[in-house]
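Chemist: Residue numbering for the sequence shown is -27 to -1, 1 to 107, as defined by mature numbering (1 follows the signal peptide of the UniProt record, and there is no 0).
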Amino acid sequence: MSRNKFRFGALGLLLAGALLQPILAFAGDCPASDARQGETVFARDCSICHTAKADGPGMMGPNLHGVVGRMAGSLAGFNYSQAMKGKAAVWSRDNLDAFVSQPQAAVPGTYMPFAGLADAAERRALTCWLSQQH
């Protein structure tokens, strides 16, 4: 009996680690200065349509709290485009960077009207900050 408990406990730890890996892998390489700059970029370019607060209000865009590690197009209660619902990818800092750079190129048919953020350092800072919002 105790041997089975150990096996299930070990399996549980492995599964938890696998599920948290995308979040932890990207949150760990963010300097504090990037996170601060990312919050500024979010306030300037994203907050008109999005919030990143836990249980934040619904807005024109989906709540981005916990976006890193979340399946694209999956936040309950938000009306995503068919293109976003069909993306079938888990958001990471890398694919968020590509999306924020050129939303229509990354997900053709997305409802997001933002033209894109050209500055790579600002995108890196933004995805750093978003990866810490969980």
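Don't be surprised by glycine CBs; every beta carbon is placed ideally from N, CA and C.
Model, not experiment: these values are computed from the prediction.
Locate the alpha helix (DSSP H) running through residue 120, then write down its first and last residues.
Modeler: Since the first residue shown for the chain is -27 and the last is 107, residue 120 is missing from the structure and cannot be characterised.
Chemist: Does the distance from the C-beta atom of residue 129 to that of Ala25 stay below 7 Å?
Modeler: Only positions -27 to 107 of the chain appear in the structure, and residue 129 is not among them; the question remains open.
Chemist: Going straight from the alpha carbon of Val80 to that of Ala56, what length do you get?
Modeler: Your numbering for residue 80 matches position 107 in the sequence shown. Your numbering for residue 56 matches position 83 in the sequence shown. Answer to the nearest angstrom: the Cα atoms are 6 Å apart.
Chemist: Which same chain residues end up closer than 8 Å to Gly(-19) when comparing Cβ atoms and leaving out the 5 residues on each side of it in sequence?
Modeler: What you label residue -19 is simply residue 9 of the sequence shown in a count that begins at 1. Model confidence at Gly(-19) stands at a pLDDT of 48, short of 50, so the residue's coordinates are unreliable; what they give is reported in the following sentence. If we look at Gly(-19) and ignore the five residues flanking it on each side, it has no Cβ neighbours.
Chemist: Whole alpha helix (DSSP H) runs in the region 59 to 88 with 4 or more residues, listed along the chain?
Modeler: You should have 66 to 74 and 76 to 79.
Chemist: Where Pro35 and Asp28 are concerned, what is the direct C-alpha to C-alpha distance, given to the nearest angstrom?
Modeler: Reading the sequence shown from its first residue, position 62 is the one you call residue 35. Reading the sequence shown from its first residue, position 55 is the one you call residue 28. Pro35 and Asp28: Cα-Cα distance of roughly 11 Å.
Chemist: Alpha carbons only, please: which of Leu37, Ser54 and Arg17 is nearest the one belonging to Leu69?
Modeler: Locating residue 69 in the sequence shown gives position 96, where the first residue counts as 1. When each option's Cα is compared against that of Leu69, the closest is Leu37.
Chemist: Since Leu99 is in the alpha helix (DSSP H), which residue starts that stretch and which ends it?
Modeler: Your numbering for residue 99 matches position 126 in the sequence shown. Run containing Leu99: Ala93 to Ser104, per the alpha helix (DSSP H) assignment.
Chemist: Find out if the Cβ-Cβ distance for the pair Gly46, Lys60 is shorter than 7 Å.
Modeler: Against the sequence shown, residue 46 aligns to sequence position 73. Against the sequence shown, residue 60 aligns to sequence position 87. Contact flag set, yes.
Chemist: Report the residue from Pro4, Ala49, Thr13 and Tyr53 whose alpha carbon sits nearest the alpha carbon of Thr83.
Modeler: Here residue 83 corresponds to residue number 110 of the sequence shown, with the count starting at 1. Among Pro4, Ala49, Thr13 and Tyr53, the Cα nearest to that of Thr83 is on Tyr53.
Chemist: Thinking Val73 and Arg97 are a contact (beta carbons under 8 Å), I'd like their distance in whole angstroms, please.
Modeler: Counted from its first residue, the sequence shown places residue 73 at position 100. Counted from its first residue, the sequence shown places residue 97 at position 124. That belief does not hold up - the Cβ atoms of Val73 and Arg97 are roughly 10 Å apart, past 8 Å.
Chemist: Check whether the Cβ atoms of Leu99 and Gly11 sit closer than 7 Å, and answer yes or no.
Modeler: Walking along the sequence shown from the start, residue 99 turns up at place 126. Walking along the sequence shown from the start, residue 11 turns up at place 38. Cβ atoms of Leu99 and Gly11: closer than 7 Å.
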